[in-house]
Amino acid sequence: MDTLKHLNSIRDQLVRTLHTIPDAMFNERPDPKTWSPREVAEHIARMDAHVARLMREGKTEDKKVLKKPIRLTTLRGIKVSAPAQLDPQEDAQSKDAIYQQLFDSRMQVLELYKQFTPTEKKEKAMKHPVFGYLSLRQWFVFLGYHEKRHLKQLDEILRQLKI
């Protein structure tokens, strides 16, 4: 799998989907327990930034790991609670502000992707709360699957909001 192509194609789908949402409905929740389109996009940006920060701060370990079924991340029937620091903020924000967050956090991820050598991506790992240790390469791929999961969630929300 071409990791950069994976990340970029899913991000392109996300941005195209966000463009279809009227500004007046961007912060609207279909019901009190369901995130708004803004909250979904903000969560994606927060996840990218969080993983990039952990990598930058050297939270990696020299550890060879087995390939994990990270593709399962896209299955919406499997519910996982994200750490509180990755939850979206309560305040409404404009699309432009969210686009900027998505751009900034993705640039952080791409910079780190370029900084690590192929050997480091294979031999360095960080712990994931569900999958256990993932190699850095698996983490980069995971970010794409995570985004794809939330793109499916966004599609569900748009159907609920009748957009």
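Everything in the sequence shown is counted per numbering that gives the first Met the number 0, starting at 0 for the first residue and increasing by one. Cβ coordinates follow ideal geometry from the N, Cα and C atoms, glycine included.
Next on the checklist: Using only CA atoms, which one of Trp138, Asp1, Gly76, Pro21 lies nearest to Leu160?
Outcome noted: In the sequence shown, the residue the question calls residue 160 occupies position 161. Checking every option, the nearest Cα to that of Leu160 belongs to Pro21.
Next on the checklist: Output needed for Ala81: all residues of its chain with C-beta closer than 8 angstroms, excluding positions within five of it in sequence on either side, in chain order.
Outcome noted: Stepping through the sequence shown from its first residue, residue 81 is reached at position 82. For Ala81, where only same-chain residues beyond five positions count, the Cβ hits under 8 angstroms are His42, Met46.
Next on the checklist: Does the structure place the region 8 to 20 close enough to the region 101 to 121 that three or more beta carbon pairs sit under 8 angstroms?
Outcome noted: yes
Item to check | Inside the region 121 to 159 only - alpha helix (DSSP H) runs reaching at least 4 residues | outcome: 135 to 159
Next on the checklist: Going by DSSP, what residue range makes up the alpha helix (DSSP H) through Gln99?
Outcome noted: Taking the first residue of the sequence shown as 1, we reach residue 99 at position 100. Unbroken alpha helix (DSSP H) run through Gln99: 94 to 114.
Checklist entry - Would you say Gln84 touches the ligand SAH, meaning its beta carbon is less than 8 angstroms from a heavy atom? => result Summarising the ligand content, the structure contains no ligands, and the ligand SAH is consequently not present.
Checklist entry - Are there three or more Cβ pairs, one per stretch, closer than 8 angstroms when the region 108 to 115 is compared with the region 66 to 82? => result no
Checklist entry - Since Asn7 is in the alpha helix (DSSP H), which residue starts that stretch and which ends it? => result As a working mapping, residue 7 is identified with position 8 in the sequence shown. Element bounds for Asn7: 2 to 18.
Next on the checklist: Buried or exposed for Leu71, going by 16 or more other Cβ atoms inside 10 Å?
Outcome noted: Position 72 of the sequence shown, counted from the first residue, corresponds to residue 71. Under this definition Leu71 is an exposed residue.
Item to check | C-alpha gap between Ala23 and Ile156, whole angstroms | outcome: Counting from one through the sequence shown, the residue named residue 23 turns up at place 24. Counting from one through the sequence shown, the residue named residue 156 turns up at place 157. The alpha-carbon atoms of Ala23 and Ile156 are separated by roughly 15 angstroms.
Next on the checklist: Less than 6 angstroms between C-beta atoms, sequence neighbours within five positions excluded: which residues of the same chain meet that for Phe25?
Outcome noted: Taking the first residue of the sequence shown as position 1, residue 25 is located at position 26. Taken in chain order, the residues that qualify are Pro36, Arg37, Lys94.
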